[in-house]
């Protein structure tokens, strides 16, 4: 058991460090993000190391604990952004609450329309939250965490690619509106895009990311009460 | 290095407190969210100084990608086991993402416009 843990953790960290070096050498090209390169690398090479995926997953328990402390660490950016949040409290609150409810509501209605099964539905619902939060919410809803990861990442990527164009078509010019919309939908990817647009957009999207996570994770218990 | 270790211990203690509160009061929230709110409130009230946790938290958040690798590999493996039409999932994901962008964007802009009009 401990042996498994050492091997899984060791391989992952080692591959990540190499992936990070490549990412930095390539001037932080979005497509060379260690998340993609390292995952694909490990997915292909784990069988060569005579390590099946089940053993690897069983040994990766340390990472799920660290995921929880990562959520706790989000308190630090939230604290630093607090003056800006306090100043725009109603604006941010309105946008994120309505947007978050629309996200959960539209997922729920589309999934019901398509007759999607309960466990997959539970993995879909928290997808608007940042990954660590979505993962723990999916777990408590009875979803499949592995699927939630996939859903969170694809919806973030989709929003990251389409979001700026959609905002342009709708002629939304307000910096706060653009930042909040991108942060609420594409999380960290959205925040990186918004930082290129400007400081206010960047800060707003970072705020949207943390507050969406809080709102999604507090809306979900209500869903559990009614289902 | 040992400074980061102590800072991390503080973050971990917040998580432990969060988990304890969730199980004592049987809250429907996750322990990590409660832990985050606890740490946030401690920072706001000044019980904990930002310098005590900042460094470890920054390192932690900077390398958050590392933590996603095992679950993504799990997702790739699990993907073969979904017995349903992938396009349906695609429509749900795309549809609700667009919903979030459009509705958040519009409601914030509308709010700003209303506020400007009220001021005049």
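Protein chains in written order, with full-length UniProt numbering: chain A, 1 to 227; chain B, 1 to 120. Even for Gly, the Cβ is constructed at its ideal location relative to N, Cα and C. Nothing here was measured: the structure is a model prediction, and the numbers come from that model.
Unbroken stretches of the beta strand (DSSP E), 3 residues or longer, contained in the region 13-82 of chain B
The region 13-82 of chain B contains no whole beta strand (DSSP E) run of 3 or more residues.
If contacts are defined as beta-carbon pairs under 8 Å, then residue 155 of chain A and residue 182 of chain A qualify, I think. What distance do you get, rounded to the angstrom?
The residue labelled residue 155 of chain A in the question sits at position 155 within the first chain. The residue labelled residue 182 of chain A in the question sits at position 182 within the first chain. Cβ atoms of residue 155 of chain A and residue 182 of chain A stay farther apart than 8 Å, at about 13 Å.
My understanding is that residue 125 of chain A touches residue 104 of chain A, with C-beta atoms under 8 Å, so please give their C-beta distance in whole angstroms.
Sequence index remark: in the first chain, residue 125 of chain A carries index 125 (1-based). Sequence index remark: in the first chain, residue 104 of chain A carries index 104 (1-based). Right, their Cβ atoms sit about 6 Å apart.
For residue 37 of chain A, go through chain B and note every residue whose CB falls closer than 8 Å to its CB, in chain order.
The residue labelled residue 37 of chain A in the question sits at position 37 within the first chain. Going along chain B, no residue has its Cβ under 8 Å from residue 37 of chain A, so there is no contact; the nearest lies around 10 Å.
Would DSSP call residue 182 of chain A helix, strand or coil?
Working through the first chain from its first residue, we reach residue 182 of chain A at position 182. Helix at residue 182 of chain A.
Alpha-carbon spacing of residue 152 of chain A relative to residue 16 of chain B, whole angstroms
Position 152 of the first chain holds residue 152 of chain A. Position 16 of the second chain holds residue 16 of chain B. Approximately 26 Å between the Cα atoms of the pair.
Would residue 138 of chain A pass as an interface residue toward chain B - the criterion being a Cβ-Cβ separation below 8 Å?
Your numbering for residue 138 of chain A matches position 138 in the first chain. No, residue 138 of chain A lies away from the interface with chain B (no Cβ there is under 8 Å from its Cβ).
For residue 7 of chain B, does the count of other Cβ atoms within 10 angstroms reach 16, so buried, or fall short, so exposed?
Indexing the second chain from 1 puts residue 7 of chain B at position 7. Here residue 7 of chain B is buried: its Cβ has 16 or more other Cβ atoms, across all protein chains shown, within 10 Å.
Would a check of beta-carbon distances place residue 5 of chain B closer than 8 Å to chain A?
As a working mapping, residue 5 of chain B is identified with position 5 in the second chain. Contact with chain A is absent for residue 5 of chain B, since none of that chain's Cβ atoms lies less than 8 Å from the residue's Cβ.
Buried/exposed call for residue 137 of chain B, threshold 16 Cβ in 10 Å:
This structure cannot settle anything about residue 137 of chain B, because the visible part of chain B is limited to 1 through 120.
From which residue to which residue does the alpha helix (DSSP H) around residue 7 of chain A run?
Translated into the one-based positions of the first chain, residue 7 of chain A becomes position 7. First-last of the alpha helix (DSSP H) with residue 7 of chain A: 2-25.
Quick one: Cα of residue 33 of chain B to Cα of residue 194 of chain A, how far?
Here residue 33 of chain B is taken as the residue at index 33 of the second chain, counted from 1. Here residue 194 of chain A is taken as the residue at index 194 of the first chain, counted from 1. Straight-line Cα distance between these residues: approximately 25 Å.
Between residue 108 of chain B and chain A, is the shortest Cβ-Cβ distance under 8 Å, so that the two count as touching?
Within the second chain, residue 108 of chain B is the residue found at index 108, counting from 1. Interface residue, yes.
Cα-Cα, which of A:157, A:79, A:123, A:62 is closest to residue 54 of chain B?
Translated into the one-based positions of the second chain, residue 54 of chain B becomes position 54. Of the candidates A:157, A:79, A:123, A:62, the one whose C-alpha sits nearest the C-alpha of residue 54 of chain B is A:79.
If the cut is a Cβ gap below 9 Å, which residues of chain B does residue 192 of chain A touch?
Counting from 1 along the first chain, the entry for residue 192 of chain A is found at position 192. From the beta-carbon of residue 192 of chain A, no residue of chain B is found nearer than 9 Å; the closest lies around 12 Å away.
For a cutoff of 8 Å on Cβ pairs, would you count residue 154 of chain A as touching chain B?
In the first chain, the residue the question calls residue 154 of chain A occupies position 154. Yes, because at least one Cβ of chain B sits closer than 8 Å to the Cβ of residue 154 of chain A.
Starting from residue 121 of chain A, trace the alpha helix (DSSP H) both ways and give me its first and last residue.
On the first chain, residue 121 of chain A is found 121 positions in, with the first residue counted as 1. From DSSP, the alpha helix (DSSP H) with residue 121 of chain A extends over 118-124.
Using CA atoms only, rank isn't needed, just tell me which of A:128, A:95, A:21, A:146 is closest to residue 119 of chain A.
Mapped onto the first chain, residue 119 of chain A falls at position 119. Of the residues A:128, A:95, A:21, A:146, the one whose Cα lies closest to the Cα of residue 119 of chain A is A:146.
If you reduce the DSSP assignment to three classes, tell me which class residue 1 of chain B lands in.
Taking the first residue of the second chain as position 1, residue 1 of chain B is located at position 1. DSSP places residue 1 of chain B outside both helix and strand once states are collapsed to three, so it counts as coil.
For the region 44-63 of chain A against the region 81-90 of chain A, do three or more pairs of beta-carbon atoms, one drawn from each stretch, fall closer than 8 Å, so that the two count as touching?
In the pairwise beta carbon analysis, the region 44-63 of chain A is classified as not touching the region 81-90 of chain A: fewer than three pairs are separated by under 8 Å.
Report the neighbours of residue 158 of chain A on chain B: residues whose CB is nearer than 7 Å to its CB, in chain order.
Here residue 158 of chain A refers to the residue found at position 158 when the first chain is read from its first residue. The contacting residues are 93, 94, 97.
So that I know if they touch, is there some Cβ in chain B lying closer than 8 Å to that of residue 67 of chain A?
To locate residue 67 of chain A, count along the first chain from 1; it is residue 67. At least one chain B Cβ lies under 8 Å of residue 67 of chain A.
Cβ of residue 81 of chain A within 8 Å of Cβ of residue 203 of chain A?
Locating residue 81 of chain A in the first chain gives position 81, where the first residue counts as 1. Locating residue 203 of chain A in the first chain gives position 203, where the first residue counts as 1. It is a contact, given that the beta carbons lie within the stated cut-off.
In angstroms with no decimal places, state the Cα-to-Cα distance between residue 170 of chain A and residue 99 of chain A.
By one-based count along the first chain, residue 170 of chain A stands at place 170. By one-based count along the first chain, residue 99 of chain A stands at place 99. In this structure, the CA atom of residue 170 of chain A is about 16 Å from the CA atom of residue 99 of chain A.
Out of A:201, A:161, A:196, which has the shortest C-alpha to C-alpha gap to residue 186 of chain A?
As a position in the first chain, residue 186 of chain A is number 186, starting the count at 1. Shortest Cα-Cα distance from residue 186 of chain A to any of A:201, A:161, A:196 involves A:161.
In whole angstroms, what separates the C-alpha of residue 108 of chain A from that of residue 5 of chain B?
For the purposes of this step, residue 108 of chain A is identified with residue 108 of the first chain, where counting begins at 1. For the purposes of this step, residue 5 of chain B is identified with residue 5 of the second chain, where counting begins at 1. The straight-line gap from Cα to Cα measures roughly 42 Å.
Between residue 3 of chain A and residue 97 of chain A, what straight-line distance do the alpha-carbon atoms span, to the nearest angstrom?
Walking along the first chain from the start, residue 3 of chain A turns up at place 3. Walking along the first chain from the start, residue 97 of chain A turns up at place 97. If you take the alpha carbons of residue 3 of chain A and residue 97 of chain A, they lie about 45 Å apart.
Between the alpha carbons of residue 81 of chain B and residue 110 of chain B, how many angstroms are there, rounded?
Taking the second chain and counting its residues from 1, the one referred to as residue 81 of chain B is at position 81. Taking the second chain and counting its residues from 1, the one referred to as residue 110 of chain B is at position 110. So the two alpha carbons sit approximately 44 Å from each other.
At what residues does the alpha helix (DSSP H) containing residue 172 of chain A begin and finish?
The residue labelled residue 172 of chain A in the question sits at position 172 within the first chain. That residue, residue 172 of chain A, is in no alpha helix (DSSP H); it is neither H nor E in DSSP.
Determine the DSSP secondary structure at residue 120 of chain B, reduced to helix, strand or coil.
In the second chain, the residue the question calls residue 120 of chain B occupies position 120. Of the three classes helix, strand and coil, the one that applies to residue 120 of chain B here is coil, per DSSP.
Out of A:224, A:223, A:213, which has the shortest C-alpha to C-alpha gap to residue 37 of chain B?
The count along the second chain starts at 1 and reaches residue 37 of chain B at position 37. Nearest to residue 37 of chain B by C-alpha distance, out of A:224, A:223, A:213, is A:213.
Express the C-alpha separation of residue 74 of chain B and residue 30 of chain B in angstroms, rounding to a whole number.
In the second chain, residue 30 of chain B corresponds to position 30, counting from 1. In the second chain, residue 74 of chain B corresponds to position 74, counting from 1. Going by the C-alpha atoms only, they are around 22 Å apart.
Thinking just about the alpha-carbon of each residue, which of A:69, A:157, A:62, A:128 is nearest to the one in residue 292 of chain A?
Given that chain A is displayed from residue 1 to residue 227, the structure contains no residue 292 of chain A and the question cannot be resolved.
Other residues of its chain near residue 22 of chain B: CB distance less than 8 Å, five sequence neighbours each side excluded
Working through the second chain from its first residue, we reach residue 22 of chain B at position 22. Cβ neighbours of residue 22 of chain B beyond the five flanking positions: 29, 30, 31, 34.
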